[in-house]
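*Asks:* Take any residue in the sequence shown, note its place counting from 1, add 364, and you have its number in this note's numbering.
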Amino acid sequence: MRYFFLIIAVLFPGISSAQLSSPGSGAVRYTSYPSAPSVKDPVFIYCNTSGSQTGVLNAVSPGGNGPFNFSWYRWNDITKSFSDFIKNDPGIINSSINNLGEGGYKVIISGGFDTSLVGWIFIDKPFALAALQNRTCDYVALKGMAVIDTFYYKNLSNGDPVKLPNAVKFMWSSDPTSTIPYPDLEINPQTFDPPLVDVTYKLQVSDSFGCISESSFFYESIHVKADFSVDPDKGEAPLEVAFTDKSIRGFKYLWEFGDGSKDSISELRNPEPHIYYKPGEYSVILTVTSEKYCTDSMRFEKIVVDPSELKIPNVFTPDGDGLNDNFIVESKSLRYISVEVFSRSGLKVYAFYGEGESLRAWKGWDGNINNSSVKASPGVYFYIIHAYGWDNVNYNSKEEKGFVYLYR
C-alpha cells in the first residue's frame, strides 16, 4: 500500500509545535466550530476505493527528548464528549491508532509538555450509476445517478452537528467518442445524434474532496446513416452516372434514381451505373435500413443532364496546325446526327451519320474529299445537317443548312 503523509501543524501557546497526521487520506479540511470558530482542527477525508477503507491517525510529541505519554479517546454522541477510551501509549516519542471508522478522535500528550489534539475522520465514497433509459431509431436517452456523502463533525461545546461543505460533479463520456449534450450539466442526457458504432457509455461522479466513482455500460448501436457519392453529376445525354454507397451500418438498400425508367430502382448496395437519357434535373434518394430495422435516407438534389444543342461553325482551316483543323458541329445530348457537305457545283465531298458511340467519337470533316487523301480546294461549301436530341428536339423538322468557308 502506498502512503501519502499529510502533516497538519497546530500551534499552541507556549508549545513549539504539535502534529497530527493521517497517512493515506485523500483530502483535509478544517473545522469551523460555532462555539470556537478560531479553533481549526483537521478533518481527514479518505476515498473509499477498496470498499473497506479505514483511517489512521499519527500523533507526534510537541518537542523534547521524551519519552511522552499518549492517551487516545473517541467522540461519544451520547455523552457529547471524547469519553470512549481507546488506548494509552506510555514512554514513547510518537503514537498511532489505525483501523479507524468515521468520527472524532482526541489524543492527550503528557510528560514534559501537556497538550491535546483533535482530529476527525470520514470515509468518502461517491456513488455513480449509468444506465440506458430509452432508445429509438432517432435518439438515445441515458439515465444517471450521482450521489455523494454528507459529513457532520460535532460542535465541541454542545455536540450539535456541523455540516462539512461538499458538492457533486459529474461527467458523461463514451468510447469511442459520440455526441452527449451537456455531459456535465444534464444527469439524464438525451441525444438525437445517436452513435453509429457500438460504444461504452461512462458516468464519472466526483465530489469536493476529489473522491471519484464511475459506472459504465455497453451500448450496441441500432442506428444507421445513409450516404453516397455521385460521379459525374453533370453532362450531356446519355449520361452514365456511378453511385457509390458510403452508408454506415447499412443492411438493406433502396435506390430511387428519379427518372421513371424501368431500371429507376435498385436494391443493390452499389448499383450498376445508371444512364440518364432525357435532359433535365434529377434527384436521387437512397434509403438504408439497419439490421435492427432503423432507416435513414439521403437525397442528392441535382443531377443535371444537359439539353440538346447544335452549334455549327462557318469556317475552318485544315492546315495541320492543330487549330480549327476540322469542320465539326458542337453538340450536346444528340441522339443522332447526319452531315452532308457539297461543293459549289453540287458535288458531295463529305457525309457522316452517327449515333451513340460513333457520334461521340466523331472528329468532323478534315477537308479531304470523301475521306480520301485528296484535299478539297479552298472556298465556300454548302452543308445540310439533320439531328435529333434526347430531349425530343427534332432538328430534322428544320433542316440545318448553310455555308462553311474552307481556308488553307
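Glycine is no exception: its CB is placed at the ideal position from the N, C-alpha and C atoms.
Rounded to whole angstroms, how far is the Cβ of S572 from the Cβ of P525, which I believe are closer than 8 Å?
*Replies:* Reading the sequence shown from its first residue, position 208 is the one you call residue 572. Reading the sequence shown from its first residue, position 161 is the one you call residue 525. Not really, about 18 Å apart at Cβ, beyond 8 Å.
*Asks:* Does K687 come out as helix, strand or coil in the three-state DSSP assignment?
*Replies:* Indexing the sequence shown from 1 puts residue 687 at position 323. Reading off the sequence shown, one finds Leu at residue 687, where the question assumed Lys. L687 falls in the coil class under three-state DSSP.
*Asks:* Straight-line CA distance for V588 to L493?
*Replies:* Here the question's residue 588 lines up with position 224 in the sequence shown. Here the question's residue 493 lines up with position 129 in the sequence shown. So the two alpha carbons sit approximately 28 Å from each other.
*Asks:* Quick check: the Cα distance between A725 and E694, rounded to an integer number of angstroms?
*Replies:* Locating residue 725 in the sequence shown gives position 361, counting from the first residue. Locating residue 694 in the sequence shown gives position 330, counting from the first residue. About 13 Å.
*Asks:* Kindly indicate which residue of F607, N433 and Y769 has the alpha-carbon position closest to the one of H638.
*Replies:* Locating residue 638 in the sequence shown gives position 274, where the first residue counts as 1. When each option's Cα is compared against that of H638, the closest is F607.
*Asks:* With distances taken Cα to Cα, identify the nearest neighbour of S435 among A423, K444, G427 and T443.
*Replies:* Numbered from its first residue, the sequence shown carries residue 435 at position 71. Closest by alpha carbon: A423.
*Asks:* Could you tell me if G483 is buried or exposed, where buried requires 16 or more neighbouring beta carbons within 10 angstroms of its beta carbon?
*Replies:* The count along the sequence shown starts at 1 and reaches residue 483 at position 119. Flag for G483 reads buried.
*Asks:* Note down, in chain order, each residue of its chain lying with its Cβ closer than 6 Å to the Cβ of F774, except the 5 sequence neighbours on either side.
*Replies:* Outside the displayed range of the chain (365 to 772) lies residue 774, so it cannot be described from this structure.
*Asks:* Just the Cα atoms here: how many angstroms apart are I701 and T555?
*Replies:* Stepping through the sequence shown from its first residue, residue 701 is reached at position 337. Stepping through the sequence shown from its first residue, residue 555 is reached at position 191. Rounded to the nearest angstrom, the two C-alpha atoms are 59 Å apart.
*Asks:* Taking just the CA atoms, how far does P558 sit from E584?
*Replies:* Position 220 of the sequence shown, counted from the start, is the residue given in the question as residue 584. Position 194 of the sequence shown, counted from the start, is the residue given in the question as residue 558. Looking at the two C-alpha atoms, the distance is approximately 11 Å.
*Asks:* If you compare alpha carbons, which of D670, L618 and K598 is closest to M662?
*Replies:* Counted from its first residue, the sequence shown places residue 662 at position 298. With distances taken between Cα atoms, M662 lies closest to L618.
*Asks:* I need the DSSP call for E631, collapsed to helix, strand or coil.
*Replies:* Translated into positions along the sequence shown, residue 631 becomes position 267. In this structure, E631 counts as coil in the three-state DSSP scheme.
*Asks:* Please classify Q497 as buried or exposed, where buried requires at least 16 other C-beta atoms within 10 Å of its C-beta.
*Replies:* If you number the sequence shown from 1, residue 497 lands on position 133. Exposed, because fewer than 16 other Cβ atoms sit within 10 Å of the Cβ of Q497.
*Asks:* Note down the Cα distance separating F615 from C658, rounded to an integer number of angstroms.
*Replies:* Counting from one through the sequence shown, the residue named residue 615 turns up at place 251. Counting from one through the sequence shown, the residue named residue 658 turns up at place 294. Going by the C-alpha atoms only, they are around 10 Å apart.
*Asks:* Using three-state DSSP, classify A590 as helix, strand or coil.
*Replies:* Walking along the sequence shown from the start, residue 590 turns up at place 226. Residue state, collapsed to three classes: coil.
*Asks:* Taking its Cβ as the centre, do 16 or more other Cβ atoms sit within 10 Å of K518, making it buried, or is it exposed?
*Replies:* Working through the sequence shown from its first residue, we reach residue 518 at position 154. So K518 counts as buried.
*Asks:* Measuring CA to CA, which of S722, L770 and P406 is closest to A740?
*Replies:* Mapped onto the sequence shown, residue 740 falls at position 376. The residue with the shortest Cα to Cα distance from A740 is L770.
*Asks:* So what does DSSP say about I450, is it helix, strand or coil?
*Replies:* For the purposes of this step, residue 450 is taken as the residue at position 86 of the sequence shown. In the structure shown, I450 sits in a strand (DSSP, three-state: E or B).
*Asks:* Output yes or no for whether 8 Å exceeds the beta carbon distance between E466 and I487.
*Replies:* As a working note, residue 466 is residue 102 in the sequence shown. As a working note, residue 487 is residue 123 in the sequence shown. Taking 8 Å as the Cβ cut-off, E466 and I487 qualify as a contacting pair.
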